[in-house]
Amino acid sequence: MTTHDTRSGQWTLPGGAEPTDDDLRRDIELTREELGATVEELAHRANVKDRAQQAARARVVAVRQTVATPMVRRAVFLLAAARRHPVATVTTGTVCAGLALLLVRQMLRIRQS
0 MTTHDTRSGQ WTLPGGAEPT DDDLRRDIEL TREELGATVE ELAHRANVKD
50 RAQQAARARV VAVRQTVATP MVRRAVFLLA AARRHPVATV TTGTVCAGLA
100 LLLVRQMLRI RQS
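Numbering-wise, numbering that gives the first Met the number 0 puts 96 at position 97 of the sequence shown, and it's gapless, one number per residue.
Given below as structure tokens:
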């Protein structure tokens, strides 16, 4: 990479030699690439709304992965148990539905009085 001496106004290579036209072109191209990357980074940092949305999406994915695995395991376990014991499953479901109905009726009576 070339350096610029502000006192003399001369461009030189690190060894002190005069840069060729190709050296200067490469230096200009490298500077353009670095400047482009810097501008992109600054634009990304300035776009707070997009950054917040990306962070929210990342959190949603993390929560889904954390919660989904244990719940799927439990659901699979319960389905397997229900298939092994269908009569017990139907009986338990009927009892739970009956208790829920009784609780709802009791709550409605309390509200009406």
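No residue lacks a Cβ here, since even glycine has one placed at the ideal position from N, Cα and C.
Element boundaries [alpha helix (DSSP H), containing residue i]
{"i": "residue 54", "result": "47-83"}
Simplified DSSP assignment, three categories, for residue i
{"i": "residue 17", "result": "coil"}
Test item: CB-CB of residue i and residue j under 7 Å
{"i": "residue 81", "j": "residue 88", "result": "yes"}
Residue i versus residue j - alpha carbon distance
{"i": "residue 54", "j": "residue 73", "result": "29 Å"}
{"i": "residue 97", "j": "residue 104", "result": "11 Å"}
{"i": "residue 34", "j": "residue 58", "result": "32 Å"}
{"i": "residue 46", "j": "residue 52", "result": "10 Å"}
{"i": "residue 28", "j": "residue 43", "result": "23 Å"}
{"i": "residue 19", "j": "residue 30", "result": "16 Å"}
{"i": "residue 60", "j": "residue 48", "result": "19 Å"}
{"i": "residue 39", "j": "residue 50", "result": "14 Å"}
{"i": "residue 95", "j": "residue 70", "result": "21 Å"}
{"i": "residue 23", "j": "residue 36", "result": "20 Å"}
{"i": "residue 64", "j": "residue 76", "result": "19 Å"}
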